[in-house]
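In UniProt numbering, the protein residues as written are 1 to 922.
Glycine is no exception: its CB is placed at the ideal position from the N, C-alpha and C atoms.
Quantities reported herein were computed from a predicted structural model and do not represent experimental measurements.
The block underneath contains the structure these notes are about, expressed in structure tokens.
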Amino acid sequence: MEYNFRAIEKKWQEHWVKTHAYRVSNNSPKPKCYVLDMFPYPSGTGLHVGHPLGYISSDIYARYKRLKGFNVLHPMGWDAFGLPAEQYALETGQHPAVTTAQNTAFFRKQLDNIGFSFDWEREINTSDPNYYKWTQSIFLKLFNSWFDRSLQKAVGIDKLIALFESNGNAGHECPGDRTISFTAAEWKQYSEAQQREILMHYRLAFLAYAEVNWCAALGTVLANDEVVNGVSERGGHPVVKKKMRQWFLRITEYANRLLEGLETVAYSEAMKEMQRNWIGKSQGAEITFKIDGNTDNVVTVYTTRPDTIFGVDFMVVAPEHELVAKITTPDKKEDIEKYLDYVQSRSERERMAEVKSITGAFTGAYAVNPFNGKLIPVWISEYVLAGYGTGAIMAVPCGDQRDFLFARHFNIPITNIIGDAFTGEEANPTKDAILQHSDFLNGVNMKAAMDIAADKIESMGIGKRQINYKMRDSGFSRQRYWGEPFPIVYKNGIPYALEDKDLPVTLPHVENYKPGEEGEGPLANITDWVNIDADTKRETNTMPGYAGSSWYFLRYADPHNTTTFADRSATDYWNQVDVYVGGTEHAVGHLLYSRMWTKALYDLGEIGFDEPYKKLINQGMIGGSSRLVYRIRGTNTFVSHGLKEQYETDALHVDVNIVDGVELDIEAFRNWKPDYNNAEFVLENGKYLCGTQLEKMSKRLFNTVNPNDVVEKYGADTFRMYEMFLGPVEQSKPWETKGIEGVHRFLKKLWRLYADEQKGLIVKDAPATPEELKVLHKTIQKIDADTEHFSYNTAVSQFMICVNELSTLKSNKRSILEPLLVLLTPYAPHLSEELWHLLGNTSSILDAPYPVFEEKYVKESAFNYPIAVNGKTRTELSFALDVENTAIEETVLANETVQKWMEGKPLKKMVIVKGRMINIVI
RNA sequence: GCGGGUGUGGUGAAAUUGGUAGACACGCCAGACUUAGGAUCUGGUGCCUCACGGUAUGCGGGUUCGAGUCCCUCCACCCGCACCA
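Here you go:
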């Protein structure tokens with residue numbers, strides 16, 4: 001009876017399907033545990049061995065928790081809307097729904113092959129109308145609500161209308177336009193169009209004309225995080241700013257709660273830091289300066305350093321700022337216009353690329369320092385961004401390096417307010433210096449001065465404290481076909497929400513996927529879908545990729561519900577995701593949006609918690625280890641790696657799947673490509689050895705490995721354990737197929753503890769020896785702790801140690817081997833179930849009781865102490881653990897080796913750490 | 001530039017959190033069994049040295065009886081952000 005993994009794995013996978021072994025109920029007396037993977041976008045290329053790393057980790061955890069008595073939700077689904085399917089449709093004419101269905105089927109097959117415990121009855125697909133109906137519904141909830149800053153939460157828009165009717169917008173500053181202000185009487189007189197326009201400035205999902213990242217090549221608008229250095233993250237196409245009417249989510253209103261929520265969740269420090277940086281909270285003040293000789297205009301700046309107010313030597317206004325036209329003096333008009341032309345001519349990309357060059361122009365206007373009346377020249381420059389703060393800054397060259405460089409470049413005199421702390425060579429951004437030349441702040445430490453200055457500014461009525469965020473409201477429109485249609489219609493150009501009963505707004509069939517004339521999405525071309533009647537048109541944009549993924553974890557709790565996105569009792573039961581496993585690439589995008597949606601749904605009373613993911617694990621990436629062959633230049637002869645220095649060669653990538661370790665399969669190589677049919681080889685020791693190189697896993701480099709192939713050769717259990725054995729889950733590491741043999745040998749060795757090739761089952765019911773019990777309980781302790789802490793690589797090691805030791809002991813006792821199988825189940829479920837049944841069990845091992853660690857079996861009565869002299873280990877001596885220190889000292893000092901190393905010198909001190917070591921100090 | 005992280009054998013890595021550095025594997029070397037081995041088993045394997053022993057966790061310093069682990073300086077690499085006032 002040998003370990004026939006192919007038959008075993010097939011048998012149990014079928015059995016588990018037949019018995020609904022992974023079906024999870026929403027009603028259980030057990031405590032719940034929700035283990036979630038970031039669901040994949042089902043691309044056309046399928047999975048490579050790097051993808052399942054996270055899924056295996058979460059599967060081990062889910063199975064472990066189940067054995068420990070939890071009711072575990074561990075679902076899987078598809079983030080199925082997205083650009084690649086549409087791009088493919090553009091190229092081939094195949095409908096995205098068709099290719100998506102094909103791809104998900106393929107992914108599903110690959111996943112099933114690895115033996116995951118997903119409850120497929122809860123499978124979701126974001127492109128399914130039964131799913132996106134609820135994405136649209138939640139969008140409407142956002143559209144129909146606003147963020148009440150006094151309550152710091154989302155509230156229904158009807159509440160806001162009631163407030164307007166009684167008080168106007170006093171006390172509820174308009175987040176979309178701070179200048180809007182009206183009384184109750186004025187509100188009542190507004191037309192419906194005007195009222196709805198104002199409401200739009202408050203809604204959490206809103207429509208605005210805004211500069212968006214327009215990517216002509218992709219024919220769509222991209223979110224800020226989809227643009228990297230001025231080009232599209234996907235494809236690297238140029239991106240320009242364009243004004244379009246776009247949907248947005250008012251995520252900025254949640255900035256502070258998103259920041260504070262980070263304190264309550266277990267994400268890695270790096271991940272939290274990335275989100276904090278993205279949110280970019282800063283505390284400072286807005287200060288308004290009068291302009292000399294211009295009573296109609298003022299310049300309002302934002303600064304985080306009000307303490308440096310006496311060091312202001314110039315002002316800089318963003319070139320796009322509306323003030324520029326109003327304050328420029330006639331004699332500077334030409335200079336300014338020339339500069340604005342220059343700015344206009346530069347693409348976003350160029351501006352990003354040349355951050356170091358210093359450019360600007362003087363407006364001719366002077367602002368007046370309200371504290372000392374000093375006249376401050378007002379400049380414009382690219383380095384001030386219109387979109388941040390007030391779009392204008394007060395420049396303090398002695399404290400800010402950019403201001404310093406600007407001042408030096410344009411010969412603007414620098415005022416030093418920090419004495420010796422400023423060298424004149426570069427700015428010093430310290431907050432600890434003592435202020436000078438600063439009037440009422442003289443002699444004050446800068447940190448303290450910040451508050452004093454801010455108080456003074458507020459009391460003089462020339463400004464106020466202000467908190468700013470780098471984060472922008474997120475664009476929620478895509479000019480694309482393959483996404484959720486908006487449940488919005490325009491009547492005479494005014495947007496109206498549909499009602500839940502009108503949902504879903506299904507995607508109509510289209511013949512082509514080309515953009516509309518004005519850059520709208522392909523939906524704009526389907527006129528009978530768009531035009532409901534003469535005055536009523538549908539929204540033709542679709543939602544972005546992160547719409548469906550922002551709330552999917554809620555749907556798994558109640559995936560078939562037809563009356564709501566998920567019943568409150570179901571989301572209350574499953575509650576937050578206990579462990580969320582996925583890659584770091586979603587650090588700022590998906591996670592922030594998902595956190596915001598959760599908070600909004602919580603505010604609106606739809607769910608009972610406001611953070612979606614309690615704990616986040618970021619699996620590392622699996623890199624490719626490429627194999628190289630060396631072709632002698634100008635020939636079809638390949639020279640082995642060790643001999644390549646003797647020739648002039650070119651290194652070529654070779655498919656890693658036809659290389660065993662580093663030894664090339666020459667026949668397979670000849671058959672790989674026609675060019676190599678009659679290749680010649682210069683061998684070393686009769687073998688052709690390849691070079692290796694670590695790089696990204698990519699089809700182009702021929703270093704991708706399909707999990708199916710590995711599973712076919714070694715089995716799913718081996719594959720699962722090997723992926724875990726590679727190293728810590730969070731760490732990135734290269735894939736080496738060769739190394740898998742160690743894990744495979746281990747499983748075969750384990751099998752032989754239970755079954756012999758000839759004799760069959762060899763497990764005996766005899767009582768276990770103390771040695772055997774010690775091995776078992778050491779293993780229980782380590783596996784239990786390691787599994788709980790996602791330390792799967794060390795857990796696999798412990799299994800190996802255990803099996804090695806039991807093999808040495810020739811152990812075959814049921815009381816040892818049966819519990820061991822339960823420990824192994826999360827890692828190697830098929831093999832465990834098979835042996836479990838061979839041992840005579842009739843119920844599934846999936847719900848077996850987890851072995852309980854008992855200290856008494858591992859307790860040692862004595863310890864073999866390393867004996868060090870001055871920190872260097874010289875010998876070992878065994879002492880009972882309950883023996884007195886004085887007795888130890890005596891024996892140790894009498895020891896021959898110790899005597900030798902003490903060289904007759906007097907003992908200064910003896911350090912005895914019980915159960916650890918002994919150090920003799922001389 | 002700012003923030004986060006990582007540096008340990010030929011390779012992936014471990015180290016009970018300050019206590020015998022290199023567990024467990026891959027690879028390599030030697031051997032056993034075998035018609036054969038890409039099966040299985042045994043032994044060896046950080047470096048220097050015939051050995052005694054010395055030396056070793058990116059570099060240099062410090063704290064300590066004792067440092068891979070704590071502190072300081074520097075170096076290298078990876079990831080994220082990047083004119084955010």
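query, result
"DSSP state of Y481 mapped onto helix, strand, coil", "coil"
"Pairwise C-alpha distance: S282 and F440", "25 Å"
"V911 burial status per 10 Å Cβ neighbour count (16 or more: buried)", "exposed"
"For T536, the residue or residues it bridges with in DSSP", "K491, D533"
"Beta-carbon separation (whole angstroms), F853 vs H777, contact threshold 8 Å", "6 Å"
"Cβ contact check for the region 268-278 and the region 433-451: 3 or more pairs under 8 Å", "no"
"For K909, three-class secondary structure by DSSP", "strand"
"Entirely enclosed beta strand (DSSP E) segments - the region 228-299, minimum 3 residues", "240-249, 281-291"
"Contact check, A80 vs P42, beta carbons under 8 Å", "yes"
"Three CB pairs or more closer than 8 Å across the region 560-573 and the region 74-89", "no"
"N-terminal and C-terminal residue of the beta strand (DSSP E) that Y41 is part of", "Where Y41 is concerned, there is no enclosing beta strand (DSSP E), given that its DSSP letter is neither H nor E."
"Q758 - DSSP class collapsed to helix/strand/coil", "coil"
"Opening and closing residue of the alpha helix (DSSP H) in which L111 lies", "96-114"
"Local conformation of residue 923 per DSSP, three classes", "With the chain running from 1 to 922 in the structure shown, residue 923 is simply not present."
"Bridge partner(s) assigned by DSSP for W379", "V316, F362"
"C-alpha gap between Y342 and R408, whole angstroms", "21 Å"
"Contact between the region 677-686 and the region 729-747 (3+ Cβ pairs under 8 Å)", "no"
"Distance between V892 and K905 (C-alpha atoms, nearest Å)", "15 Å"
"Nearest candidate by alpha-carbon position, reference A795, set I816, F725, K813", "F725"
"Where L817 sits in the DSSP three-state scheme", "helix"
"DSSP-derived helix/strand/coil call for N4", "coil"
"K374 versus S191 - alpha carbon distance", "48 Å"
"Counterpart residues of T649 in DSSP-defined beta bridges", "I632"
"Residues sharing a beta bridge with Q466, DSSP", "G284"
"Segment limits, alpha helix (DSSP H) that includes F139", "129-143"
"Continuous alpha helix (DSSP H) stretch holding E876: start and end", "No alpha helix (DSSP H) holds E876; the beta strand (DSSP E) holding it covers 872-880."
"Beta-carbon proximity check, M76 vs L47, cutoff 8 Å", "no"
"Own chain residues within Cβ distance below 6 Å of K738, not counting five before or after", "G661"
"R402 to V317 span [Cα, whole Å]", "14 Å"
"Opposing strand residues paired with L73 [DSSP bridges]", "Y34"
"Simplified DSSP assignment, three categories, for M724", "helix"
"Proximity of G399 and R465 at Cβ, strictly below 8 Å", "no"
"CA-to-CA distance, K749 to G840, given in whole angstroms", "21 Å"
"Counted within 10 angstroms of its Cβ, other Cβ atoms place A392 as buried (16 or more) or exposed", "buried"
"Local conformation of Q401 per DSSP, three classes", "helix"
"K859 - containing alpha helix (DSSP H), residue span", "Counting along the chain, K859 falls outside any alpha helix (DSSP H), and DSSP gives it neither H nor E."
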